[in-house]
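One structure is given here, and the rest of the page talks about it.
Residue numbers (UniProt numbering): 1 to 476.
Now the structure itself:
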């Protein structure tokens, strides 16, 4: 049995007394800054020494709460996320690791993680400082004013001197990435330079031309600010150019140093005097210079094979907007076989038809009959190439000549052989162009393909093929 009347136990800052035969009704909070809960003494009604020592036991039990832990972490403008070796119940004990984070707009100065060491101290010191953006540049001819300097969240507003306009964002904000929002601001000259263009320029094209040469003085710009301008920029043809028919917009642009733009425009109007447009005659072609009906243009006419031109072979568009000459027509060719000489006969074909002259000593000649047989299905190709077939058959005085269904007198047929020096006693073919030139001779029959290939290489034939293609004239 113990005769102790009372026992006082001190544990750190905690002081408790157990008294014999007295009630210990004090409820004291034992709170450690590193604990997440409170430990309270129980109220005891002491009955004797046994209960007294039980009270001491409880007080001593609380002493385990005074383990040497680190002080609580308090991060201004931030927070700590801690993990302890003993679990969530024990905080800030030895070995506790705390990850440090800062609030938005603040940045961490110090280590990102602190460890509770045996010295009851944390492994380092941390501080969350407010983020700061770089100092803004003062715009020329302007300035700015800020609500809170250059710290995070501060708003700054730019302004410009009278006569200048702000280019960029007027209000910028210091952002979390320590950069200013928006675009850099500058103050620029707001008044554009001035430039004066000439009035409308009108001109008529010269004869047989579709363009007119137009001149004017290049305008000069004037800046109202510092007087400094860039070169004058032209959009359109320069003065002295040949302008085609129609309205042409000419534009001049000039810039000052602040990139203000000054612009002026005017029109160049070119007119072409025109006659009524002509058409090709029936069974004929038309070929015109220039644009076909402009003042000074000339139109030439020709006829397809088997037709001859009647009227003016060429007409010119005159200043009074009328055509010279007489309207042409194409009439079927009428060959006069009753002329006295071979030259007179050939003159009827000059510049109109090509000649394919077939000479044979007898109508029974094998080559002659073969040649006629080959030409019969090729009549369309011959007409397309303006070819007239002339047959000279027999030996004088029993010889005859034939052009289609018309017969040549024996004397005229003889003159033609003599003029062209065609043998009387042998088969022979002579090809002549539209100018009466002897182009090729064949002592044997020639196929249509050979003849067409030869004729298609004649200079005039190339132009004919172009005209025929334009109107869609061809053989099946």
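By construction, the Cβ of each residue, glycine as well, lies at the ideal position given by its N, Cα and C atoms.
Because the structure is a prediction, the values reported are computed rather than measured.
Item checked: Where residue 284 falls, given that 16 or more other Cβ within 10 Å makes a residue buried -> Numbered from its first residue, the chain shown carries residue 284 at position 284. Its Cβ being crowded by 16 or more others within 10 Å, residue 284 is buried.
Next item on the list: Can you check DSSP and say which residues form a bridge with residue 298?
Entry: Along the chain shown, one-based indexing puts residue 298 at 298. The partner list for residue 298 (beta bridge, DSSP) reads 316.
Next item on the list: Give the C-beta separation of residue 416 and residue 392 to the nearest angstrom, bearing in mind that I take them to be a contact with Cβ-Cβ under 8 Å.
Entry: To locate residue 416, count along the chain shown from 1; it is residue 416. To locate residue 392, count along the chain shown from 1; it is residue 392. At roughly 7 Å, the Cβ-Cβ gap stays under 8 Å, so residue 416 and residue 392 are in contact.
Next item on the list: Determine which residues share a DSSP beta bridge with residue 358 and list them.
Entry: Position 358 of the chain shown, counting from 1, holds the residue named residue 358. Residue 358 is bridged to 391, 429.
Item checked: residue 429 to residue 371 span [Cα, whole Å] -> Taking the chain shown and counting its residues from 1, the one referred to as residue 429 is at position 429. Taking the chain shown and counting its residues from 1, the one referred to as residue 371 is at position 371. Rounded to whole angstroms, residue 429 to residue 371 spans 10 Å at the Cα level.
Checklist line | Nearest-angstrom beta carbon gap, residue 97 and residue 115 [assumed within contact, 8 Å] | finding: Reading the chain shown from its first residue, position 115 is the one you call residue 115. Reading the chain shown from its first residue, position 97 is the one you call residue 97. About 5 Å; that satisfies the 8 Å criterion.
Checklist line | For residue 165, the nearest candidate out of 149, 144, 190 (CA to CA) | finding: Residue numbering aside, residue 165 sits at position 165 when the chain shown is read from its first letter. If we check each option's Cα against that of residue 165, 190 comes out closest.
Item checked: Reduced DSSP secondary structure (H/G/I, E/B, other) of residue 57 -> Here residue 57 corresponds to residue number 57 of the chain shown, with the count starting at 1. Because residue 57 carries a pLDDT of 45, less than 50, the predicted location of this residue cannot be relied on, and no value is offered for it.
Check: Using the C-alpha atoms, what's the distance from residue 231 back to residue 237?
Finding: Within the chain shown, numbered from 1, the residue matching residue 237 stands at position 237. Within the chain shown, numbered from 1, the residue matching residue 231 stands at position 231. Each residue's alpha carbon lies about 17 Å from the other.
Note to self: With a threshold of 7 Å (Cβ to nearest heavy atom), would residue 397 be considered close to the ligand ATP?
What the structure shows: In the structure shown, the ligand ATP is absent, as is every other ligand, since no ligand is present at all.
Check: Nearest-angstrom Cα distance between residue 310 and residue 244?
Finding: Working through the chain shown from its first residue, we reach residue 310 at position 310. Working through the chain shown from its first residue, we reach residue 244 at position 244. Those two C-alpha atoms are separated by around 36 Å.
Item checked: Rounded straight-line distance, which links the Cα of residue 260 to that of residue 278 -> As a working note, residue 278 is residue 278 in the chain shown. As a working note, residue 260 is residue 260 in the chain shown. Each residue's alpha carbon lies about 54 Å from the other.
Check: When we look at the beta-carbon of residue 126 and count the other beta-carbons within 10 Å, is it buried (16 or more) or exposed?
Finding: Within the chain shown, residue 126 is the residue found at index 126, counting from 1. So residue 126 counts as buried.
Checklist line | In DSSP terms, what residue 310 is bridged to | finding: Within the chain shown, numbered from 1, the residue matching residue 310 stands at position 310. DSSP lists 329 as partners of residue 310.
Item checked: Backbone CA spacing between residue 267 and residue 248 [nearest angstrom] -> Position 267 of the chain shown, counted from the first residue, corresponds to residue 267. Position 248 of the chain shown, counted from the first residue, corresponds to residue 248. Distance between the alpha carbons of residue 267 and residue 248: 6 Å.
Next item on the list: For residue 440, name the three-state secondary structure that DSSP assigns.
Entry: The count along the chain shown starts at 1 and reaches residue 440 at position 440. Note: residue 440 maps to strand in three-state DSSP.
Next item on the list: Consult DSSP for residue 411 and reduce its assignment to one of helix, strand or coil.
Entry: The residue you call residue 411 lines up with position 411 of the chain shown. If DSSP states are grouped into helix, strand and coil, residue 411 belongs with the helices.
Note to self: Going by C-alpha to C-alpha distance, which of 411, 106, 390 sits closest to residue 398?
What the structure shows: Translated into the one-based positions of the chain shown, residue 398 becomes position 398. Residue 398 has its Cα closest to that of 411, out of 411, 106, 390.
Checklist line | Classification of residue 92 by the beta-carbon crowding that lies within 10 angstroms, buried from 16 upward | finding: As a working note, residue 92 is residue 92 in the chain shown. Classification of residue 92: buried, given that the 10 Å Cβ count is 16 or more.
Check: For the alpha helix (DSSP H) that contains residue 106, what are its first and last residues?
Finding: To locate residue 106, count along the chain shown from 1; it is residue 106. Looking at the DSSP string, residue 106 is not in any alpha helix (DSSP H); the run it does join, the beta strand (DSSP E), is 106 to 109.
Margin query: Tell me the rounded alpha-carbon separation between residue 204 and residue 215.
Written below: Within the chain shown, the letter at position 204 stands for residue 204. Within the chain shown, the letter at position 215 stands for residue 215. The straight-line gap from Cα to Cα measures roughly 13 Å.
Margin query: Across the segment 334 to 346 and the segment 312 to 324, are there enough close Cβ pairs to call them in contact, namely three or more that are closer than 8 Å?
Written below: no
Next item on the list: Over the uninterrupted beta strand (DSSP E) stretch that includes residue 244, give me the two end residues.
Entry: For this step, residue 244 is matched to residue 244 along the chain shown. First-last of the beta strand (DSSP E) with residue 244: 241 to 244.
Next item on the list: Kindly identify the DSSP beta-bridge partner or partners of residue 202.
Entry: In the chain shown, the residue the question calls residue 202 occupies position 202. Looking at the DSSP assignment, residue 202 forms a beta bridge with 269.
Check: To the nearest whole angstrom, what separates the beta carbons of residue 107 and residue 131, a pair I think is in contact under 8 Å?
Finding: The residue you call residue 107 lines up with position 107 of the chain shown. The residue you call residue 131 lines up with position 131 of the chain shown. Contact flag correct, Cβ pair sits at about 5 Å.
Item checked: CB of residue 135 within 8 Å of CB of residue 150, strictly -> Within the chain shown, the letter at position 135 stands for residue 135. Within the chain shown, the letter at position 150 stands for residue 150. Closer than 8 Å, so yes.
Check: Roughly how many angstroms separate the alpha carbons of residue 441 and residue 431, rounded to a whole number?
Finding: Within the chain shown, residue 441 is the residue found at index 441, counting from 1. Within the chain shown, residue 431 is the residue found at index 431, counting from 1. Their Cα atoms are separated by approximately 6 Å.
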